[in-house]
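A short write-up of the structure that comes next.
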Ligand code: GLC
């Protein structure tokens, strides 16, 4: 948005919960669409797909990081917050993207990665240059403890969370890779620099931020050791930095310094691993002015032993309903939920929560869309989910690209005594590269993603799972997403209705109602490949079936992976 644009815009007052009727689409640029044949997706690639996004009907695009970056963690390691990495394009391309989205009535939300920078960011280069550099205190530098790391914390990407710096004889903290040093938010100069950068982006017309691991920014400054779980090499620092002592203060300050006083509708969502419902109420209470909504992680940890993604286990539907139901209830009065099955850090939704076999892939992808989008909250669609894209079957470790996978494989085979085959089998279901294979646009070579050699393999099922085959097919997964998204736009009961979970103990059927005065919907989703007969306390005979993924049948019988949405008739 240009300055003239802002001045000409009518002074509209937007209700704070305008995002209740919106749907967000996440673009992971490296894997979306490649315009120049270098094998990496880019901004001009995204520009070429704006009509596609408009057709889908989404309101907001969240763009994963496109900033200048050494790409150690695919752009979540930023070395210049105010520029675009040449692999993705230029600032001018980004402006064109912003304008192109606005022209189509869509908004652009940028990723804000400020728990850490790249070690190649000028701030860190200065900070590490000497102990008395003015920016020394912008990061977490500590003396060795007994000649080793200052505490026992492990990094999220294996190994210790500390890296020794030869030049000054101290360690710096990195909760992620050693190329992602943590910023010290205790220092007011750091906070001011971040807010200034955020304002700079908003002044250029972006419409909000998805805030990367934002509940990690306030740490217990004494940095105590964390508990060491069985079979682990390092301590878990989580208790000392997850939603730490000053987190609410920092987010409120950010709100005042960046968002307050801007009258165009901005969307803020905090990514918050480990966040509890009770904390989320505080984070998203509009009266407290922190963020609009958070990404919570409970429902994506239910298929893991002790929340360890490398020890997958079967998901129990009753656990999923219990968890999502608690979040619905907890944020019913105050605050707001975000709704997601997947993103660039999670396995593909249909492979994880549905059934990606040829027989049930489409049915279960549609059922999942209906169940998620009809909850109360703002739904997020991760690129390719709207096509029913599946997990990838990778072969050797050399097929993977994700630093998290590669580091884990190295640590598990060299220090924990696991065999290559064991590690590969354990990481297959939930590794992040499942979601990072390129979007499948067409049946042609590399799924139409690139004319070159893709940075990561395209899923061979692109020969039949692709956008070209779906956009004009009224029965496709894509068309089903269009319907579900349109339903949120059209129906106040979807955007604003109360949520009531039904049948919490049923192991196969997900059932709930949404209601506002004068309108009630019943949503039934069969999470199994077997037929189910639903019995409800209330009489739903005669209700109107308004959405489903099978040929219409108004009974309460559910065929394999069937979704039925009824509207009560008075
Ligand atoms: C977030 C991002 C993830 C990244 C990490 C470190 O969880 O979503 O992709 O690796 O933060 O920035």
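Residue numbers (the working numbering): 21 to 590. Cβ coordinates follow ideal geometry from the N, Cα and C atoms, glycine included. Being a predicted model, the structure only gives us computed values, none of them experimental.
Burial state of residue i, where buried means 16 or more other Cβ atoms lie within 10 Å
i           : result
residue 472 : exposed
residue 49  : buried
residue 439 : exposed
residue 30  : In this predicted model, residue 30 has a pLDDT of only 42, less than 50, meaning its place in the structure is not dependable; the value taken from the coordinates is given anyway. Exposed is the call here.
residue 508 : buried
residue 331 : exposed
residue 91  : buried
residue 248 : exposed
residue 23  : Because residue 23 carries a pLDDT of 34, less than 50, the predicted location of this residue cannot be relied on, and the following value inherits that uncertainty. Looking at its Cβ environment, which holds fewer than 16 other Cβ atoms inside 10 Å, residue 23 is exposed.
residue 466 : buried
residue 586 : buried
residue 143 : buried
residue 470 : buried
residue 220 : exposed
residue 510 : exposed
Cut-off 6 Å between Cβ atoms - residues of its own chain near residue i, not counting five sequence neighbours on either side
i           : result
residue 161 : 190, 192
residue 299 : 263
residue 468 : 461, 462
residue 592 : Because the chain here runs from 21 to 590, residue 592 falls outside it and cannot be looked at.
residue 422 : 452, 453
residue 345 : 521
residue 26  : Unreliable positioning characterises residue 26 in this predicted model, as indicated by a pLDDT of 37, which lies under 50. The coordinate reading is nonetheless provided below. Around residue 26: no qualifying Cβ.
residue 107 : 60
residue 69  : 53
residue 151 : 188
residue 513 : 534, 536, 539, 541
residue 257 : 173, 246
Cutoff 7 Å; reference residue i; Cβ partners in own chain excluding five residues on either side
i           : result
residue 577 : 551, 553
residue 370 : 376, 381, 384, 385, 388, 408, 410
residue 328 : none
residue 205 : 211, 237, 238, 270
Contact test: residue i Cβ vs the ligand GLC heavy atom, cutoff 7 Å
i           : result
residue 96  : yes
residue 196 : yes
residue 232 : yes
residue 133 : yes
residue 202 : no
residue 141 : no
residue 339 : no
residue 319 : no
residue 364 : yes
residue 93  : yes
residue 183 : no
Nonlocal neighbours in the same chain, by C-beta distance under 8 Å from residue i, ignoring five residues either side
i           : result
residue 387 : 374, 545, 546, 547, 569, 581, 582, 583
residue 268 : 302, 303, 308, 310
residue 350 : 297, 298, 300, 301
residue 572 : 565
residue 18  : This structure gives no information on residue 18, because the portion of the chain shown stretches from 21 to 590.
residue 498 : 76, 406, 407, 487, 490, 491
residue 575 : none
residue 57  : 470, 471, 472
C-beta neighbour in chain B for residue i, strict 8 Å
i           : result
residue 382 : Although the question refers to chain B, the structure presented lacks it and comprises just one protein chain.
Boundaries (first-last residue) of the beta strand (DSSP E) holding residue i
i           : result
residue 184 : 182-185
residue 46  : 44-47
residue 662 : No answer is possible for residue 662: it lies beyond the span of the chain, which begins at 21 and ends at 590.
residue 257 : Neither: residue 257 is in no beta strand (DSSP E) and is coded neither H nor E.
residue 530 : 529-536
residue 566 : 564-568
Residue range of the alpha helix (DSSP H) that includes residue i
i           : result
residue 426 : 423-434
residue 599 : As shown, the chain starts at 21 and ends at 590. That puts residue 599 outside it, with no answer to give.
residue 584 : Segment 583-587 is the beta strand (DSSP E) holding residue 584; no alpha helix (DSSP H) there.
residue 329 : No alpha helix (DSSP H) contains residue 329, which is instead part of the beta strand (DSSP E) from 328-332.
residue 440 : 440-447
residue 315 : No alpha helix (DSSP H) holds residue 315; the beta strand (DSSP E) holding it covers 313-315.
residue 215 : 208-223
residue 193 : Residue 193 -> not in any alpha helix (DSSP H); beta strand (DSSP E) instead, spanning 190-193.
Contact test: residue i Cβ vs the ligand NAP heavy atom, cutoff 7 Å
i           : result
residue 291 : This structure simply doesn't include the ligand NAP; it includes the ligand GLC instead.
Three CB pairs or more closer than 8 Å across the region 284-292 and the region 302-315
yes
The region 387-406 touching the region 490-507, judged by at least three CB pairs closer than 8 Å
yes
Three or more C-beta pairs below 8 Å linking the region 73-89 and the region 37-52
yes
Evaluate contact between the region 223-238 and the region 118-132, counting only Cβ atoms and requiring at least three cross-stretch pairs below 8 Å.
Touching, yes, given that three or more Cβ pairs across the two stretches are closer than 8 Å.
Does the structure place the region 110-125 close enough to the region 167-174 that three or more beta carbon pairs sit under 8 Å?
no
Between the region 248-258 and the region 274-285, do three or more beta carbon pairs fall short of 8 Å?
no
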